[in-house]
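Residue numbers (full-length UniProt numbering): 1 to 373.
Here is the structure we will look at, set down as structure tokens.
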Amino acid sequence: LAEKLPHIQSICIHEMVIRAFKHVIRAVIAAVDDMQNMSAVIAETLNILLGSPRLENDLDTDANEHNLRLKWVESFLSERYCWTLKDEFAHLRKPIILRGLCSKVGLELVARDYDMNSPNPFDKSDIVNIVPICKHVVYSSIDSRNLLESSKMALDKGKLDDAVNYGAKALSKVIAVCGPYHRLTANAYSLLAVVLYHTGDFNQATIYQQKALDINERELGLDHPETMKSYGDLSVFYYRLQHIEMALKYVNRALYLLQFSCGLSHPNSAATYINVAMMEEGMGNVHVALRYLHEALKCNKRLLGADHIQTAASYHAIAIALSMMDAYSLSVQHEQTTLQILQEKLGDDDLRTQDAAAWLEYFDSKALEQQEA
1 LAEKLPHIQS
11 ICIHEMVIRA
21 FKHVIRAVIA
31 AVDDMQNMSA
41 VIAETLNILL
51 GSPRLENDLD
61 TDANEHNLRL
71 KWVESFLSER
81 YCWTLKDEFA
91 HLRKPIILRG
101 LCSKVGLELV
111 ARDYDMNSPN
121 PFDKSDIVNI
131 VPICKHVVYS
141 SIDSRNLLES
151 SKMALDKGKL
161 DDAVNYGAKA
171 LSKVIAVCGP
181 YHRLTANAYS
191 LLAVVLYHTG
201 DFNQATIYQQ
211 KALDINEREL
221 GLDHPETMKS
231 YGDLSVFYYR
241 LQHIEMALKY
251 VNRALYLLQF
261 SCGLSHPNSA
271 ATYINVAMME
281 EGMGNVHVAL
291 RYLHEALKCN
301 KRLLGADHIQ
311 TAASYHAIAI
321 ALSMMDAYSL
331 SVQHEQTTLQ
341 ILQEKLGDDD
351 LRTQDAAAWL
361 EYFDSKALEQ
371 QEA
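The following block contains the structure:
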């Protein structure tokens, strides 16, 4: 099912490998008799699991260890998850594997830049602590969940006042049940921020989104997907407040974390590229914005296809940026592609198709004026 969704497939493969390595780490920890050797043993195990073999041809030991590790992972994934590992192991993002291992096993490591291309990226001094992992049922509030769903439905229907009321009630309920610092509380803050954004109350939306970000950073970590989303949303709110430099700071942080954890093969990367481009345009850096828009277009074409609606949106954004540089003939070409995709997908009667036709007519007229001049 995930073959046509490479970003979903990548997430699943990373999770399977993390769970496989988790069993190795736990077995090693259980086998250590002398606690003084614990950090050295864990570091050596991490080197075997995540280190890269040496490049010299005469060192057969490293190559054998690498082959044994690969065969064991292939066997484990095949037996446990009925998944045949192909060449994906060579393309795994090791920092993500390390983060998942630390989270599942309870390891605390020194925060530094680990060289994953070396055979021994870890030393015993890097192992700071081992903490117990407590598994428990995530408590929730049925009333707050129903209110959040009602707020979303009201927002979809354009009933903004109802959406604000439902969102505020949901927030007070979830704070009463889960407390002020909980991931569900962060979700409630974030939803209410989005609703207020649509009402035009950008100041209050930014305040609530900042609270959601603070909770996610504290409870989930700086590189958690929810934290990345919070960075991206907050950047949009700051942009609407005309705090463009602050907005660029947060959106670049979100983009860095996306590339670090998900790579370029993720739809959110394209959306973040477009947000960066929009903000760079606001700063007057149209050439920089155009570069980001082309990256977004490549990402959408690779993941969604050349005839997807999001790909059409990328073509339209590029056409707008080119028009700001007075390159109207190129704007016409990109807007023609936009219109063609929307006509095929939505039909001529859709408002988005009619809007694209109006933009194309405008670009045509400006291109003719430019030629006559």
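For every residue, glycine included, the Cβ atom is placed at its ideal position computed from N, Cα and C.
A distance of 9 Å or more separates the beta carbons of isoleucine 127 and serine 261. Valine 236 and valine 251 have their C-alpha atoms roughly 8 Å apart.
Of the candidates Asp201, Lys22, Lys71, the residue whose Cα lies closest to the Cα of leucine 241 is Asp201. Taken in chain order, the complete alpha helix (DSSP H) segments of 4 or more residues contained in the segment 27-87 are 38-50, 60-81. Taking the CA atoms as reference points, leucine 303 sits about 7 Å from histidine 266. No residue range can be given for valine 110, since it is assigned to no beta strand (DSSP E) and is classified by DSSP as neither H nor E. If you draw a straight line from the Cα of asparagine 300 to the Cα of proline 53, it is about 35 Å long. Annotated three-state conformation of valine 236 is helix, per DSSP. The Cβ atoms of lysine 211 and alanine 176 lie no closer than 9 Å to each other. For asparagine 117, the secondary structure class from DSSP, reduced to helix, strand or coil, is coil.
Per DSSP, valine 128 is not a residue of any alpha helix (DSSP H); the beta strand (DSSP E) it occupies stretches across 127-130.
Annotation for valine 137: no alpha helix (DSSP H) segment contains it, and DSSP assigns it neither H nor E. If you look at alanine 306, you'll find it isn't in any alpha helix (DSSP H); DSSP assigns it neither H nor E. In this structure, DSSP gives cysteine 299 a helical state, which the three-state scheme calls helix. The C-alpha of tyrosine 166 lies about 9 Å from the C-alpha of asparagine 146. Straight across, the Cα-Cα distance linking alanine 27 with glutamine 209 is about 42 Å.
The shortest C-alpha to C-alpha distance from leucine 107 to any of Ala247, Tyr292, Ala271, Leu46 is the one to Leu46. Counting C-beta pairs closer than 8 Å gives fewer than three between the segment 110-120 and the segment 155-162, which falls short of the contact rule.
By the CB criterion at 9 Å, leucine 98 and tyrosine 81 fall outside the cutoff. Contact check for leucine 184 and valine 195: beta-carbon distance about 17 Å, past the 8 Å limit, so the pair fails to qualify. Taking C-beta separations shorter than 6 Å and ignoring five residues to either side along the sequence, the partners of alanine 312 in its chain run Thr338, Ile341, Leu342, following chain order. Counting along the chain, glycine 282 sits inside the alpha helix (DSSP H) bounded by residues 267-282. Going by C-alpha positions, glutamate 149 is about 22 Å away from valine 137.
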